[in-house]
Each structure stands twice: as structure tokens, then as C-alpha cells.
Amino acid sequence: MKHWLMKSEPDSYSIEDLERDGRTAWTGVRNYQARNLMRDEMSVGDPVLFYHSSSNPPGVVGVARVASEPYGDATALDPRSDYYDEKATEQEPRWYLVDVEFVERFPRTVPLAELKDTEGLEEMVVTQRSRLSVQPVRPEEFEIVRRLGRS
DNA sequence: GCCAACGTTGGC
DNA sequence: GCCAACGTTGGC
11 MKHWLMKSEP
21 DSYSIEDLER
31 DGRTAWTGVR
41 NYQARNLMRD
51 EMSVGDPVLF
61 YHSSSNPPGV
71 VGVARVASEP
81 YGDATALDPR
91 SDYYDEKATE
101 QEPRWYLVDV
111 EFVERFPRTV
121 PLAELKDTEG
131 LEEMVVTQRS
141 RLSVQPVRPE
151 EFEIVRRLGR
161 S
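Per our numbering, numbering of the first sequence is gapless, rising by one per residue and ending at 161.
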């Protein structure tokens with residue numbers, strides 16, 4: 011089982027939205043590295059740190075779980091969608107996603123600044139200025155962050 | 001709103 | 001296939 015961190019801007023989709031919906035399709039990823047991680051590396055049941063970006067403060071706000079096998083992102087086929095991609099087709103979807111389901115909302119946000127200050131997270135991708143919206147997380151890192159969030 | 005980091009595009 | 005120009009992300 012692999013562990014992940016997925017970023018979302020809370021103005022577009024927040025942990026509260028996920029708690030309400032229970033489950034959502036992670037549409038709109040248009041970065042190849044992030045796509046490849048979802049398409050090739052994720053399995054149903056993988057734990058996910060849910061991260062709010064472009065918020066104040068940015069940070070991890072809860073836990074989710076991969077809830078489907080990867081499949082083509084239909085928003086790439088919709089000309090009215092912000093995520094439309096004219097090179098995507100039904101046969102060659104080009105962009106992939108997984109469904110994600112709600113697991114828990116932390117009683118507090120674990121801010122990015124705190125992650126950067128926490129022993130054991132020095133090499134965590136999100137503390138290394140990475141813009142990747144889907145990132146692998148080491149199991150030890152996942153545990154450290156969850157403990158912080160629950161405290 | 002600024003701007004650094006960095007991914008993508010396209011000319012050659 | 002290189003690399004300059006350009007666009008986007010996202011923290012601050």
C-alpha cells in the first residue's frame with residue numbers, strides 16, 4: 011500500500027466538501043507526473059493526506075482514501091469544461107483520475123510551516139517546494155502528519 | 001500582487 | 001533533441 015498527498019484549493023474543493031459528498035472524482039489534474047502517479051501507482055485503499063493549497067495557512071487538513079481504479083478524466087472531453095483538452099478522446103483519454111473518499115477531518119490544520127519545522131519531514135515532497143499536486147508520501151511521514159493533525 | 005520554481009511548447 | 005519563451009502554481 012502506498013501513501014499520498016493530494017492538493018486542492020479549498021475555494022474549488024475543500025475537505026468539508028469531501029466530507030459532505032463522501033466521495034469525489036479527482037478531476038482536472040493536467041500535469042503528467044501527477045497523472046502518471048494516479049494512473050500507474052495508485053491502488054484502491056491507499057491513504058491520502060488532503061492538503062489545502064492557496065489558503066491561509068496552507069496545510070494538511072485531513073485524510074482521504076483512494077476509492078477507485080484509475081479511469082479517463084471525462085472533463086477533458088467536455089468543451090465547456092475548464093479542463094477541456096482537445097487532444098483527449100474516448101479511446102485515448104490522455105488524462106486519468108481516481109475517485110477519492112472521505113476518511114477524517116483533522117481537528118486542526120497542520121500548516122506547511124509546521125511540516126517544514128517537524129523532525130522527520132525534512133525530505134517530504136511538499137516541504138521541498140514541489141508544485142506537484144499529487145505526491146508520494148512515505149509511510150513514516152504519513153504517520154507523523156496524522157499524529158500532528160489529531161493533536 | 002509578486003515572483004521563484006518549474007513544467008510545457010515550439011522553433012530550429 | 002536543445003533550449004528560449006512562455007504559462008502556471010502556489011507560498012508569501
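Here a beta-carbon is modelled for each residue, glycine too, at the ideal position from N, C-alpha and C.
Since we're looking at a predicted model, the values are computed, not measured.
Which parts of the region 14-101 are runs of the alpha helix (DSSP H), unbroken and 4 residues or longer, counting only runs that do not cross its ends? 25-31, 42-46
I'd like the list of long-range same chain contacts for Glu114, defined as Cβ closer than 6 angstroms, with 5 residues on each side in sequence excluded. Start at 1 with the first residue of the first sequence, and residue 114 comes out as number 104. Hits under 6 angstroms: Gly72, Val73.
Check whether the region 78-89 touches the region 32-40, taking contact to mean three or more Cβ pairs, one atom from each stretch, closer than 8 angstroms. yes
Residues of its chain near Asp88, where Cβ-Cβ distance is below 7 angstroms and the 5 sequence neighbours each way are ignored: Along the first sequence, read from residue 1 onward, the residue named residue 88 stands at position 78. Within the same chain, Asp88 has close Cβ partners Tyr94.
Identify every run of the alpha helix (DSSP H) within the region 97-159, keeping only runs that are complete inside it and at least 4 residues long; order them along the chain. 122-127
Is the beta carbon of Glu19 closer than 8 angstroms to that of Ser63? Here the question's residue 63 lines up with position 53 in the first sequence. Here the question's residue 19 lines up with position 9 in the first sequence. Taking 8 angstroms as the Cβ cut-off, Ser63 and Glu19 qualify as a contacting pair.
Spatial neighbours of Pro149 within its chain, please: C-beta separation below 6 angstroms, excluding the five flanking residues on both sides. The residue given as residue 149 occupies position 139 in the first sequence. Excluding residues within five positions, the ones whose Cβ falls inside 6 angstroms are His13.
Measure the Cβ-Cβ separation of Pro68 and Leu107 and say whether it is below 8 angstroms. The residue you call residue 68 lines up with position 58 of the first sequence. The residue you call residue 107 lines up with position 97 of the first sequence. Contact flag unset, no.
So which of Ser161, Arg30, Asp31, Gln43 has the shortest CA-CA distance to Arg141? Here residue 141 refers to the residue found at position 131 of the first sequence. Out of Ser161, Arg30, Asp31, Gln43, Gln43 has the C-alpha closest to the C-alpha of Arg141.
Measure the alpha-carbon distance for Thr137 versus Pro103 and round it to whole angstroms. Here the question's residue 137 lines up with position 127 in the first sequence. Here the question's residue 103 lines up with position 93 in the first sequence. Whole-angstrom Cα-Cα distance: 32 angstroms.
Please name the residue, chosen from Tyr61, Leu158, Glu132, Arg118, that lies closest to Ser22 on a Cα-to-Cα basis. Mapped onto the first sequence, residue 22 falls at position 12. If we check each option's Cα against that of Ser22, Tyr61 comes out closest.
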